[in-house]
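Heads up: the structure comes next, in structure tokens.
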Amino acid sequence: MKHSSIIGFIFCAIYSLLAAFILVSSSNDGPFYDSIAYTECRAEPEKPLYNGGMLKGEEASGSGRDTLRSVGASYTPAYILHNLTQNTIYCFSIWVKIEAGSASTARVRAKLRSDNATLNCVGSVSAKQGCWSFLKGGFLLDSPSQLSILFFETTNDDGKTQLEVASASLQPFTQDQWKNNQDYFINTARKRAVTIHVAGENGESAEGAVVNVEQIAKDFPIGSAISKTILGNIPYQEWFVKRFDATVFENELKWYATEPHQGKLNYTFADQMMSFVRANRIIARGHNIFWEDPKYTPDWVRNLTGEDLRSAVNQRITSLMTRYRGEFVHWDVSNEMLHFDFYESRLGKNASYELFAAARELDSLATLFLNDFNVVETCSDERSTVDEYIARVRELERYDGGGMRMDGVGLEGHFTRPNVALMRANLDKLATLELPVWLTEIDISSTLDHRTQALYLEQVLREGFSHPSVNGIILWTALHPNGCYQMCLTDDKFINLPAGDVVDKKLLEWTTGEVKAKTDDHGTFSFLGFLGEYRVSIIYEGKTVNSSFSLSRDPETKHVRLRI
-19 MKHSSIIGFI FCAIYSLLAA FILVSSSNDG PFYDSIAYTE CRAEPEKPLY
31 NGGMLKGEEA SGSGRDTLRS VGASYTPAYI LHNLTQNTIY CFSIWVKIEA
81 GSASTARVRA KLRSDNATLN CVGSVSAKQG CWSFLKGGFL LDSPSQLSIL
131 FFETTNDDGK TQLEVASASL QPFTQDQWKN NQDYFINTAR KRAVTIHVAG
181 ENGESAEGAV VNVEQIAKDF PIGSAISKTI LGNIPYQEWF VKRFDATVFE
231 NELKWYATEP HQGKLNYTFA DQMMSFVRAN RIIARGHNIF WEDPKYTPDW
281 VRNLTGEDLR SAVNQRITSL MTRYRGEFVH WDVSNEMLHF DFYESRLGKN
331 ASYELFAAAR ELDSLATLFL NDFNVVETCS DERSTVDEYI ARVRELERYD
381 GGGMRMDGVG LEGHFTRPNV ALMRANLDKL ATLELPVWLT EIDISSTLDH
431 RTQALYLEQV LREGFSHPSV NGIILWTALH PNGCYQMCLT DDKFINLPAG
481 DVVDKKLLEW TTGEVKAKTD DHGTFSFLGF LGEYRVSIIY EGKTVNSSFS
531 LSRDPETKHV RLRI
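Quick note on numbering: this note's numbering labels position 168 of the sequence shown as 148, and the sequence is numbered without any gaps.
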């Protein structure tokens, strides 16, 4: 067999063998990550993930004793863990039920005490009496621990809420094993196999035809917020357009910006920014129509009540969405409604439903989102646990018997130190909604130095890109004269900071490089490419043909047939 035929055969087989190859590799080098998650209460617990992992055959202690202090404290139930290692990613899951005689519902938080640290939340779940709820999370330790205690706390912990637990699992992953699993998900969810067939005028196989393939657009948007500071700033515009195909206006669409005084609308900056977006073929998210936090609601709106407030709300949504109908691919309809309730507290419990219904009517093709923080960043925030988010989505979908079709899940992602096991576990749970998930405002806290920000940013980007339910990532990195909200990608001379270098590295890594090859004796050439739009040119016996094709998510090989 000729060399070109061998190459073609290998590439054709790559996709079909990829999963099997990585699964075999995983069996040799470590476990395969289990993405399964449950968000409905069940009559009986499922079997433990990973067959229990380190907790296989272990029963929760009925009177676990904290021996890390001279004065002990009793934890019930609890798991005593020995010899946890540094920088190992531990994935934890368990089924929880509230015993009869206790509160009917409670938020349950898993906590870890080790030799040197206490982790206040490594997973949480909204548990109920009479059925089993699934808690999924995980943790990483900075230093080894000879003795650790994994235990549970309820939000209404008055000592009377008793828990039953079952099917506990604790599975360790080395950093390399975790990366291998991420690469597997990237290869299967973000790429697709392609076979290009080239035939001559009479249908004969064109062996030796020169094939040039170039990716010209990506299926997975990665972008950054912008502000009015980009207007007229040519170096900033060039720096931005070179990298990003998606954006969001940081503040310029918010109600306090477009109507600071009642009846005096000002869309000047938003209009100019939209012109920049259009001119550079960038997709934009609409952020936001309403912000539930009263602190960011115009002063004059806060003073309205009853029908006056309702009228102002109707005028706001009509003005904004009519002006920009069809321009924004997404709208954050209700921002941070898990944490705040400005409109529902004043207009009634059905106010959120009415806002989404109005937005749907005004721009039926836009994707409508909830958007909130501390859903994947942590599980310590009781107002925005992953279960609370899911419950809110389902509540809107079921409202008054008919409900509202929800379109998307917005996760802000303002991280300090990422817990990648918890982030992935919460994304697994959100995936059960079967809705597009976007990471909408990603940054790393300014309390950290630039290099640490870059290190943690890379972790977050890899988790997002490698999770099949995530459809796009927006960075909250609009540049101002005095810096950025928390994290900048570049300095004021447009020289990359470490976080900017990480973004450039990932943009390059997650793009199919220019592919050059020759067809085999069957007139074919195959490769594995990232999803998106491609341009292909064929040169054969002095003739050239140009064409294009797109790769969308599909397990089948994409066949592109060209005649020259």
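Glycine included, C-beta positions come from ideal geometry on N, C-alpha and C.
Distances from the CA of S325 to each of N351, L284, V356 and D361 were compared; the closest alpha carbon is that of L284. By the neighbour-count criterion, in which 16 or more other beta carbons inside 10 Å mark a residue as buried, S314 falls on the buried side.
H430 carries a helical assignment under DSSP once its states are collapsed to helix, strand and coil. Taking 4 residues as the minimum length, the alpha helix (DSSP H) runs contained wholly in the region 268 to 299 are 279 to 282, in order along the chain.
With 16 or more neighbouring CB atoms inside 10 Å of its own CB, L511 falls in the buried class.
The C-beta distance from V76 to V105 rounds to 6 Å, short enough to meet the 8 Å contact threshold. Non-local C-beta neighbours of L376 in its own chain, meaning closer than 7 Å and more than five positions away in sequence, comprise S332, Y333, F336, G383, M384 and M386, ordered along the chain. The Cβ atoms of Y70 and G118 sit closer than 8 Å to each other. Assignment of Q252 by DSSP, reduced to helix, strand and coil, places it in the helix class. Sixteen is the threshold: when 16 or more other Cβ atoms of the shown chains lie within 10 Å of the Cβ of E357, as they do, the residue is buried. The beta carbons of G33 and Q151 sit about 4 Å from each other, so the pair counts as a contact at 8 Å. Selection N100, L64, Q195 and L508 evaluated against P124 yields L64 as nearest (Cα-Cα). Contact check between the region 72 to 89 and the region 164 to 171: fewer than three CB pairs, one atom from each, fall below 8 Å, which does not count as touching. Listed in chain order, the alpha helix (DSSP H) runs fully inside the region 303 to 373 are 322 to 327 and 331 to 342, counting runs of at least 4 residues. Taking a cut-off of 8 Å for Cβ pairs, the region 217 to 230 and the region 511 to 526 do not touch, as fewer than three such pairs fall below it.
Within the same chain, Cβ atoms closer than 6 Å to the Cβ of A189 are found at V178, T499, I518 and Y520, the five residues on either side in sequence being excluded.
In summary, E489 is exposed, with fewer than 16 beta-carbon neighbours lying within 10 Å of its beta-carbon over all protein chains present.
The three-state secondary structure of D225, taken from DSSP, is coil. In this structure P274 is in contact with F320, their Cβ atoms being roughly 7 Å apart against a cut-off of 8 Å.
Proximity to A17 across E26, F200, A292 and D501 peaks at E26, based on C-alpha coordinates. For G203, the closest of A264, F153 and R431 by C-alpha to C-alpha distance is A264. Unbroken beta strand (DSSP E) stretches of 3 residues or longer found wholly inside the region 94 to 165: 98 to 108, 113 to 120, 125 to 134 and 143 to 153, given in chain order. Using a C-beta cut-off of 8 Å, the region 404 to 424 makes contact with the region 449 to 469, since at least three inter-stretch Cβ pairs fall below that distance. When DSSP states are grouped into helix, strand and coil, L531 belongs to the strand group. Y369 and D423 do not touch by the CB rule: their CB atoms are close to 20 Å apart, not below 8 Å. In the structure shown, N406 adopts helical secondary structure according to DSSP, grouped into three states. N231 places its beta carbon less than 8 Å from that of S207.
Taking T141 as the centre and dropping the five residues before and after it, the same chain places the C-beta of S82, A83, A86 and T134 closer than 6 Å to its C-beta, in chain order. Secondary structure at Q217: helix, using DSSP grouped into helix, strand and coil. Secondary-structure assignment with DSSP links T85 through a beta bridge to K108.
Around the C-beta of L348, 16 or more other C-beta atoms lie within 10 Å, and the residue is accordingly described as buried. Only residues of its own chain outside the window of five on either side were considered, and among them L318 and H319 have a CB closer than 6 Å to the CB of R363, listed in chain order. A direct Cα-to-Cα measurement between D95 and W112 gives close to 31 Å. Contact check between the region 180 to 188 and the region 420 to 440: fewer than three CB pairs, one atom from each, fall below 8 Å, which does not count as touching. For E489, the three-state secondary structure derived from DSSP is helix. Under a 10 Å Cβ-count criterion, I269 is classified as buried, with 16 or more other Cβ atoms of the shown protein chains found around its own Cβ.
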